[in-house]
Every structure is written in C-alpha cells, then in structure tokens.
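> Each residue of the sequence shown is one higher than the last, beginning at 10 in this note's numbering.
Beta carbons are placed, not taken as given, at the ideal position from N, Cα and C, and that holds for glycine.
Remember, predicted model here, so these are calculated numbers, not experimental data.
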Amino acid sequence: MLKAVVPVLALVAVAVAVAVAAGCSSSEGKDEQRLTGLRENYCMQLGRWQNARNAMGTATPESPAYEEAGLVAQDALLAMRPLRDETVSGGRTLGEETMLAINNGDGYAEAQVVQYCDNVGFETLTR
Numbered sequence: 010m011l012k013a014v015v016p017v018l019a020l021v022a023v024a025v026a027v028a029v030a031a032g033c034s035s036s037e038g039k040d041e042q043r044l045t046g047l048r049e050n051y052c053m054q055l056g057r058w059q060n061a062r063n064a065m066g067t068a069t070p071e072s073p074a075y076e077e078a079g080l081v082a083q084d085a086l087l088a089m090r091p092l093r094d095e096t097v098s099g100g101r102t103l104g105e106e107t108m109l110a111i112n113n114g115d116g117y118a119e120a121q122v123v124q125y126c127d128n129v130g131f132e133t134l135t136r
C-alpha cells in the first residue's frame, strides 16, 4: 500500500506546484498591466502639464491659463506618486525629477522624466 501512495503523493505535489506557478504568472501579468497603466497615466499627465505650461506663455497669476497650469501640475504629481521610487537616469527617482521639473522649472529634470516616458514606451504622450 505504501508503494502505491508515494507515487500518488508525488503527482499531487507536482500538480500543486504547477498550479501555484500558473497562479504566480497570472498575478505577475496583472501587476505588469497595472504598472503599464500607471506609467501611461503618468506620461499622459506629464504631457498635459507641459502643454498647459507652454500655453501659459506670459500669463499673469490672475489669468485662467495660470490656474489651469497649476491644476494640471497637481494631476501630474498625483500620477507620479505610485511610481515615485522608480529610478531614472542620473541616479534620481522619478519622484525627485518630477518635483524638480514641475516645482522648480528644472529643464534637466524635465528631460529626465521625458526620457523615462520614452523608455517605458509612452514618448508620444510628452513634448
């Protein structure tokens, strides 16, 4: 009887291992889809901020264009939050570079986050 049980237990163990592995890859696929969605949203919001900032031109703080650029900047910063720890070239994080670009008008930082969008496949969403 023991000789018959051992092969059955081995088959059950293999079946469980295959099922667990399949579950992991399914979960990994969903995580990758979620990450792609977050990246796309970030790059889209970054592009919207760039457009609003460029349209602002010489707007005064009282103008609607100035207020719009501020609101769009907030959207870009919110979209960055779940990705803030991702590394961009130069050793800084996406969060650091985004803050420098939006809050300080740092052209180098802006180039870094645009390059990030290019690297993750969403270069057409930015300027």
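1) Can you tell me the Cβ-Cβ gap for D84 and Q121, rounded? I've got them flagged as a contact below 8 Å.
2) Entirely within the region 88–128 and at least 3 residues each: give me those beta strand (DSSP E) ranges in chain order.
3) Are W58 and A74 touching if we call contact CB-CB under 7 Å?
4) Thinking C-beta only, is T107 closer than 7 Å to D94?
5) What does the Cβ neighbour count give for Y51, buried or exposed, with the cut at 16 atoms within 10 Å?
6) CB-CB under 6 Å to V29, same chain, minus the five flanking residues each way: which ones, in chain order?
7) Work out the CA separation of Q42 and R136 for me, nearest whole Å.
8) Quick check: the Cα distance between E119 and G38, rounded to an integer number of angstroms?
9) To the nearest angstrom, report how far apart G104 and N112 are at their CA atoms.
10) Please report the distance separating the alpha-carbon of E71 from that of A78.
11) Report all residues from its chain with a CB closer than 6 Å to the CB of A88; omit the five preceding and five following residues, and keep chain order.
12) How many whole angstroms separate the CB atoms of P91 and L47, which I take to be in contact at a CB cut-off of 8 Å?
13) Can you give the Cα-Cα distance for A64 and L44, rounded to whole angstroms?
Taking the definition as stated:
1) Not really, about 20 Å apart at Cβ, beyond 8 Å.
2) none
3) no
4) no
5) buried
6) Caution applies to V29, whose pLDDT of 43 falls short of 50 and renders its modelled position unreliable; the value that the coordinates give is listed next. Contacts found: none.
7) 24 Å
8) 30 Å
9) 12 Å
10) 12 Å
11) N50, Y51, Q54
12) 5 Å
13) 30 Å
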